[in-house]
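Count along the sequence shown starting at 1, add 1, and that's the number in the working numbering.
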Amino acid sequence: MSETRRVGQRGQVTIPKELRERLNLSGGDDVVVREEDGRIVIERPVTRDDLAAGYRERAERDRRLADELDDISTEADRGLGDAPGWE
2 MSETRRVGQR GQVTIPKELR ERLNLSGGDD VVVREEDGRI VIERPVTRDD LAAGYRERAE
62 RDRRLADELD DISTEADRGL GDAPGWE
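So, in structure tokens, the structure goes:
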């Protein structure tokens with residue numbers, strides 16, 4: 002979706018209604034406005050709940066990887082035995 006909007010005297014721009022509805026934005030909601038590579042980017046701020054969910058997802062991914070590596074390590078030990086001089 003792309004629409005041209007005019008910047009008002011005080012720097013205000015109206016976000017099109019269709020876009021606000023699709024992104025569930027209402028009057029009074031916070032947004033982050035930043036510049037990125039010469040573009041103006043408007044996005045929702047990251048909340049504590051978002052961060053917590055991200056940390057939980059990462060921890061679960063790390064647990065799965067550690068389990069997978071543990072199985073591989075056990076298999077290697079069975080196949081190769083202990084490395085000489087390894088402590």
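Cβ atoms here follow ideal geometry from the backbone N, Cα and C, with glycine treated the same way.
These numbers were taken from a predicted model, which means no experiment stands behind them.
query                                                                                                                                  : result
Assuming the contact rule is C-beta atoms closer than 8 Å, M2 and E22 should be a hit. Round their C-beta distance to whole Å, please. : Not quite, the Cβ-Cβ distance comes to about 11 Å (not below 8 Å), so this is no contact.
Which residue comes first and which comes last in the beta strand (DSSP E) that contains E36?                                          : 33-37
Could you pull the DSSP bridge partners for I41 from this structure?                                                                   : E36
Are V33 and P46 close, meaning C-beta to C-beta below 7 Å?                                                                             : yes
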